[in-house]
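Protein chains in written order, with the working numbering: chain F, 100 to 265; chain Z, 745 to 868; chain A, -9 to 352.
Positions of the beta carbon are idealized from the N, C-alpha and C atoms, including for glycine.
Beneath this line is the structure, given in C-alpha cells, with notes to follow.
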Amino acid sequence: MTADQFLTNVVFFLLAAVALVGAIFAVTLKNLVRSALGLILSFMAVAGIYFVLEAEFIAIVQVLIYVGAISILILFAIMLTRALMSGAESSNNSQWIGAAAIAALLFGALGAIVLGTNWHAAQNALKGDLIVKLGTELVTTYVLPFEAVSLLLLAALIGAFVIARE
Amino acid sequence: MLDRYGLVGIFAVMALIFPVIPLLMAWVVRPKKPNKTKSTTYECGLAFEDFPEQAQNVWVQFRVQYYIFALLFVVFDIEVVFLYPWAVAYDSLGLFALVEMVAFLGILILALAYAWRKGLLEWV
Amino acid sequence: MDIFNNLFPGLYDWINALLHDWFKGAMPADVESVLVSAIMALIVAISAILFMVLMVLIMIWLERKNAARIQDRVGPNRVGPYGLLQPIADTIKMLIKEDIVPTNADKLVHLLAPLVAMAPAVLALAVVPFGKGMTPVDLNIGLLFMIAVGSIGVVGIFMAGYGSNNKYSLLGGMRGVAQVVSYEVPQVLTVVTVILLSGSMSLVKIVDAQGGWFGLQWNILALPVGLIAFVIFYICALAEVNRSPFDLIEGESEIVAGFFTEYSGMKWGLFYLAEYFNFFIVCMFGATLFLGGWQGPILPGWLWLIIKTYALVWLGMWIRMTLPRFRVDQLMKFAWKVLVPVALANLLLTSILIGVYNGIGF
C-alpha cells in the first residue's frame, strides 16, 4: 500500500466514524433539535466519503440537498410541532418493538445486498468530463425517469400543500 | 487523488480550525465575572424571571408557512441538480434537449403556479 | 507584467521544489510526495485565509468610512492614518469582552453556532480562481461546490436562534433561514445561465471562457440575458449574506438583534467576521461568474479580481446606506413572485438564444 492509499483509507475511516457518531446522536438524543443536528453531522460525513470515492458531483449534491435543504425541512417540521418542542415528550413509545424489527430487517436486507453484489467499480473507469456525460445520459438514455422525477416532485409538492393547509 | 481532493480536505480541516483560534484567544484574555442577572435571558429591560410561566417558554409553535417555503425550496433545489448537468452538456445536445428541459421545467412551473393560485406564497 | 502575473504560482513552484529537495532521500518516494503535497496544501489554505482576513479588515474600514461619507460624517480617523487601524482596534475590543451565555441556553449549540456559520466561508475559498494558475483546486463542479458550501451556513443561523433560548433569537433565526432559503432558489436558477454561456461548471473554465476581447468578454455583456442574470444574482447575494435591505434577521426595530441577541464577545465577533467573509466571497463569486474573474487588460490577474470584487462590495455598501429595510412579507413575495419567475424566464430565453445561435452555425 502506498502512502497515498494509506492516507485515503485513514480519511475514509475517520469520516465513517463521524457519520456513525452523528447517526447515534440522531437516534439517541432526547432533544429533537439536537437529534436533527446530529443527523446533519452524519450527512456531512457521508458527503466527505463521496469525496474520498472521487464522486464529486454526488458529494456536492449530498451537501446541497441533504445538508442545505432536507435538514432545514426537518428542522422546520420540528418547530411546527408544539408538543415535541417542550422536550417533555419521550422519543420512545409503544411501537418501538415493531420499529426495531423493521430496522433490523432493513439492515439485514441491505447487508445481504452489499455482501452479495459483485462489485466491479475499478474495471471500467469513465474518462473525460463526467458532468457532460451525465447531462447527455439524462436527456437521452434516461429521459423517461428524468421527466418522471419532475412529475414526482409535483405530486409531492401538491400532496404536502394539501396536508399543510389542514 | 490526494493532490486534488486532499486540498479540499485540508481546506475543510482549516475551516474547522480557523474559527476556533479567535475563540481560544478570547478565552485566554477575556474577563470571567458572571452573575445571576447578567446571564438571564435578554428581555427588553425586563427581568425574565418575573415573567409568568407561560411567557418564559420560548418554544412557540411556528406557522406552517415556514414549512411550505422550505418544501418549495427543496423541490426547486432538486430540480436544479438535474438542470446543472443538462446545462453543461447543452452545447453538444440538440433541440430535443431543449424540448425535454422545457417539459421538465414546465411541470415545475405548474407547481409554482398552483402554489401561487392557492395563496400559498402569501406570507401573512 | 508577466512577473506580477506569475508571482504567486512562481512562489508556489519554488517552495514546492525546495521541499522536495529537503525531503529527498530521507524517506520513501511515495511518503515524500504525500508529505510535500500536504504541506503545500496547508500553505495554500493558510495563505488564502490570511488573504481573506486582510481583505475583510480593509472592507470593515471601507464600510465605516463609506457609511460616514454617505451620512456626511468623517468616520473613524483616530486609530492610525485615516483610521486605517480601526478594524484592529475593534478586534482587540472584541477579544477582551466578556462572553455571556444565558443560563437557559443550550450551551453546546450556542457555542457551535458561530463555528458552523464561519466554516463554510473558509471552505468556499478552495475553488476560487484567484488569478491565472492560482486556483487551489479546479473541481469539475466548482460552481456547484460554492453554492452547496454556502448553503451550510444556514444551519449556523438556525443553531444560533435555537441555542440562545430567547424569543427574539428564535424568531430572527427562523426568519433568517426562511429568507436565505427563499433567495437561494432564484440564485441557483440564475447561475444556470452562466453555465449555459460558458458550457462548464468549472470556475477556471468559466473564467477562461470570458477571456476574449482582451479579457473583456464578460458574461454580464452577453446581453440581455447576462445582465438580467447578474442583477438577480447580486440581489440574491445580498439576501444570502443578510445585508441591508435584507437584514431582517437582525432587524433591531422589531426583534432586538435577531439571532445575535444573546451573543457577546468573540462569539459575536465570529458572526460579524463570517458576515463579512461571506459577503466578500459572494462578491468574488459574482466577479468570477459575471465580470470575467481575473481576466482584464494590462494589470495582473489577481489584482483585477480584487478590484472587481471591491467594486461589487462597494455597490453593496452603497445599497445598504441608501435603501430602507424590507418588510418580511414583501421579502418573501419579492423572492417567489418576482425573482423566481424572472430567473426561470431568463433561463429559458438563454437556452433558446444559444440554441438559435448554434443552429444558425456561426
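Neighbours of Glu155/F across chain A, judged by C-beta separation under 7 Å: Leu129, Asn130 and Ile131.
Cβ contact annotation for Arg54/A (same chain, cutoff 6 Å, sequence separation greater than five): Gly65 and Pro66, in chain order.
Note on geometry: alpha-carbon atoms of Ile177/F and Phe150/F lie some 30 Å from one another. Secondary structure note for Asn779/Z: it is in no alpha helix (DSSP H), with a DSSP letter that is neither H nor E. Considering only Val825/Z, Lys776/Z and Leu768/Z, the residue with the shortest C-alpha distance to Ala138/A is Val825/Z. Rounded to whole angstroms, the gap between the alpha carbons of Ala759/Z and Ile48/A is 21 Å. Within the same chain, Val144 and Glu230 come within 6 Å of Val170/A by CB-CB distance, once the 5 residues on both sides are set aside.
Chain-order list of chain Z residues neighbouring Trp326/A: Leu865, by C-beta distance under 7 Å.
Distance from the Cα of Lys298/A is smallest, within the candidate group Leu52/A, Met274/A, Ile185/A and Asp20/A, for Met274/A. Under a criterion of Cβ atoms nearer than 8 Å, the residues of chain F adjacent to Ile137/A are, in order, Leu163. Interface flag for Ile812/Z against chain F is set, since a Cβ pair is found closer than 8 Å.
Proximity of chain F to Ser141/A at the Cβ level (cut-off 8 Å) is accounted for by Val162, Leu163, Val166, Gly167 and Ala168, in chain order. A Cβ-Cβ contact shorter than 8 Å links Ala102/F with Val24/A. Ile222/A has its alpha-carbon roughly 18 Å from the corresponding atom of Gly283/A.
About 12 Å separates the beta carbon of Val117/A from that of Pro110/A, a gap too long to meet the 8 Å contact definition. The beta carbon of Ile173/F lies closer than 6 Å to those of Ala135 in the same chain, with the five residues before and after it left out. Chain-ordered, the chain Z residues with CB closer than 8 Å to the CB of Thr235/F read Ala833, Ser836 and Leu837.
Gln320/A carries a helical assignment under DSSP once its states are collapsed to helix, strand and coil.
When DSSP states are grouped into helix, strand and coil, Asn156/A belongs to the coil group. DSSP places Leu193/A in the uninterrupted alpha helix (DSSP H) bounded by Leu193 to Ala199. Using beta-carbon distances, Val91/A counts as an interface residue toward chain Z, with a partner under 8 Å. The straight-line gap separating the alpha-carbon atoms of Met256/A and Glu265/A is approximately 14 Å.
Residues of chain Z with a Cβ closer than 8 Å to the Cβ of Thr251/A are, in chain order, Tyr786. The three-state reading of DSSP puts Tyr786/Z in coil, since its state is none of H, G, I, E or B. Assignment of Tyr253/A by DSSP, reduced to helix, strand and coil, places it in the coil class. Between Val132/F and chain A, the shortest Cβ-Cβ separation is below 8 Å.
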